[in-house]
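Visitor: The structure under discussion is supplied below as structure tokens; questions concerning it will follow.
Numbering (the numbering used here), first residue to last: 178 to 243.
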């Protein structure tokens, strides 16, 4: 039961990655000023969010195995 908050946090992290990825892909597809201004920033945020999600996932697995 103590792993349920971690599961919720993991779901939120995964949702954040999907939202950032969709925003980045949408900006890339649309092109224009938004993509020039924010394209690299969105992909950096995606990488950071993915790293956090992986860390939370590994923590979740570690807690579940204990």
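Glycine included, every Cβ here is placed at the ideal spot set by N, Cα and C.
Have a look at residue 216 and residue 180 and give me their C-alpha separation to the nearest angstrom.
Guide: Looking at the two C-alpha atoms, the distance is approximately 36 Å.
Visitor: Counting C-beta neighbours from all protein chains within 10 Å, is the total for residue 223 16 or more, i.e. buried, or is it exposed?
Guide: With 16 or more other Cβ atoms within 10 Å, it is buried.
Visitor: Residue 196: buried (16+ other C-beta within 10 angstroms of its C-beta) or exposed?
Guide: Per the 10 Å Cβ criterion, exposed.
Visitor: Only counting the same chain, and skipping five residues up and downstream in sequence, which positions put a Cβ closer than 8 Å to that of residue 233?
Guide: Around residue 233: 183, 186, 187, 190.
Visitor: Just to confirm, is the Cβ distance from residue 211 to residue 204 under 7 Å?
Guide: A contact, by the Cβ cut-off of 7 Å.
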